[in-house]
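Notes for the one structure printed next.
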Amino acid sequence: MKLLWLIVAIIFGIAEAMTPSLTLIWFSIGALILIFLSTFIKSILIQVILFGIISVTLLIVATKIIVKKDENHQYDTNLQAIVKKSGVVRKDILPNETGIVVVENEEWSAISANNEAILENTEVEILKIEGVKLIVSKK
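Residue numbers (UniProt numbering): 1 to 139.
What follows is the structure in structure tokens.
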């Protein structure tokens with residue numbers, strides 16, 4: 001039985017190496033624990049139940065700890081990083097119409113936050129992103 005649990009641990013370890021999250025590693029650890037416990041517990045059914053309980057418990061507890069440590073950190077994505085930056089209008093932004101704004105050498109569709117006309121070559125501030133459009137206002 002120990003060999004079976006070792007194989008299960010290796011399979012979950014390999015599967016974890018193929019995924020970007022820390023999910024399957026807890027099942028691998030659960031199988032390693034069962035290698036030890038299988039010395040004392042001969043019933044395969046009880047071993048499988050313990051494997052499930054141990055693995056899921058490790059998953060839940062570890063996830064809560066990781067999430068709690070991470071909840072005060074905010075990570076900017078590439079899109080969020082341009083909020084509050086400046087850009088220059090390349091194509092007029094008219095009321096209720098989309099224009100073009102250049103931010104760090106990239107062209108973006110943009111609309112005015114105040115529904116006002118913003119003419120070409122005007123410097124604007126990016127307030128937020130909605131979908132694929134920048135919401136901008138005159139600087």
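Quick reminder that beta carbons are idealized off the backbone N, C-alpha and C, glycines included.
What you are looking at is a predicted structure, and each value in this text was computed from that prediction instead of being measured.
Terminal residues of the beta strand (DSSP E) in which residue i lies
i	result
residue 168	Lying outside 1 to 139, the shown extent of the chain, residue 168 is not represented and no answer is given.
alanine 117	Taken as a continuous stretch (DSSP letters only), alanine 117 belongs to no beta strand (DSSP E), as it is neither H nor E.
isoleucine 41	Where isoleucine 41 is concerned, there is no enclosing beta strand (DSSP E), given that its DSSP letter is neither H nor E.
isoleucine 100	99–103
Supposed close pair residue i, residue j - CB separation, criterion 8 Å
i	j	result
valine 89	asparagine 121	6 Å
isoleucine 33	isoleucine 60	With a Cβ gap of about 16 Å, isoleucine 33 and isoleucine 60 do not count as contacting.
alanine 117	aspartate 92	7 Å
asparagine 114	asparagine 96	Contact doesn't hold; Cβ gap of about 12 Å is too wide.
N- and C-terminal bounds of the alpha helix (DSSP H) containing residue i
i	result
isoleucine 83	In the sequence on display, residue 83 carries valine and not isoleucine. Where valine 83 is concerned, there is no enclosing alpha helix (DSSP H), given that its DSSP letter is neither H nor E.
isoleucine 11	2–17
Neighbourhood of residue i by C-beta, 6 Å cutoff - its chain only, sequence neighbours within 5 removed
i	result
phenylalanine 12	Leu24, Phe27 and Ser28
alanine 31	Trp5, Val8 and Ala9
Residues of its chain near residue i, where Cβ-Cβ distance is below 8 Å and the 5 sequence neighbours each way are ignored
i	result
valine 83	Ile126, Leu127, Lys128 and Ile129
lysine 85	Val103, Glu104, Glu125 and Ile126
isoleucine 41	Gln47 and Leu50
lysine 133	Thr98, Trp108, Ser109, Ala110 and Ile111
alanine 62	Leu22 and Trp26
Cβ neighbours of residue i in the same chain (closer than 7 Å, five flanking residues each side left out)
i	result
serine 38	Met1, Lys2, Trp5 and Gln47
lysine 139	Ser86, Glu123, Val124 and Glu125
leucine 119	Val89 and Asp92
glutamate 16	Leu24, Ile25 and Ser28
leucine 94	Ala117
Neighbour flag for residue i against chain B, beta carbons, 8 Å
i	result
lysine 128	Absent from the structure: chain B. Only one protein chain is present.
Closer than 7 Å: residue i CB and nearest the ligand FMN heavy atom
i	result
valine 89	As far as ligands go, the structure on display features none, and thus does not contain the ligand FMN.
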